[in-house]
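Undergrad: Sharing a structure here in structure tokens format.
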Amino acid sequence: MAYQFPKSEQELRQRLAKWREIFFAQKYRFDLGQSFLVVLNFTLLIITASDKLQIFFGLRLRSLLILIVPLGFIGVWVFGYFMDKVVRAAQMAERQSMKRSEMWTNHNAQMDRMERELQKVKQLLTEQKKEISRTINRRRGQ
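One rule links them: number in the working numbering = place in the sequence shown (from 1) + 37.
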């Protein structure tokens with residue numbers, strides 16, 4: 038299948054926006070996975086720093102370096118994908134920051150107070166409506 042050039046500038050902008058979104062999603066996942074990279078680096082540091090561990094695991098890390106580095110990056114991306122899709126890290130981080138924010142706590146308390154007051158006003162209006170209806174019905178009955 039041959040590449041088709043966009044027919045209009047609008048179509049080109051839509052394609053670029055789509056690709057920009059795809060690239061940003063992958064960058065976001067890689068950023069989420071960086072915490073895993075710390076664990077991976079620490080593990081590799083311990084293994085490479087100790088000749089006894091290399092002998093125990095039966096590894097020659099210098100020869101495996103060609104595989105370890107790309108697998109590390111893939112592992113970071115997979116961990117980021119897991120954090121993005123399963124854990125929903127962005128939503129969890131937002132929830133935690135809202136719980137710890139004094140501004141949000143005050144805002145939510147104020148909104149709760151306003152909702153309670155609105156419920157009271159609704160209740161008073163409903164009672165007033167019923168009273169007006171009763172008065173009208175009594176006058177019609179006379």
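Backbone N, C-alpha and C define an ideal beta-carbon position, used for all residues, glycine too.
With a CB to CB cut of under 6 Å and the five nearest residues on each side skipped, what residues in its chain are close to residue 134?
TA: Same-chain partners within the cutoff: there are none.
Undergrad: Considering only the beta carbon of each residue, do residue 121 and residue 74 sit closer than 8 Å?
TA: Using a Cβ distance threshold of 8 Å, residue 121 and residue 74 do not count as a contacting pair.
Undergrad: Near residue 77, what residues of its chain come up, given a Cβ to Cβ distance below 7 Å and the 5 sequence neighbours on each side ignored?
TA: 109 and 112
Undergrad: What does the alpha-carbon distance come out to for the pair residue 159 and residue 152?
TA: 10 Å
Undergrad: Jot down the residue ranges of each uninterrupted alpha helix (DSSP H) in the segment 50-121, minimum 4 residues, whole runs only, in chain order.
TA: 88-94 and 98-119
Undergrad: Once DSSP output is grouped into helix, strand and coil, what is the label at residue 136?
TA: helix
Undergrad: From residue 79 to residue 125, what distance separates their C-alpha atoms?
TA: 26 Å
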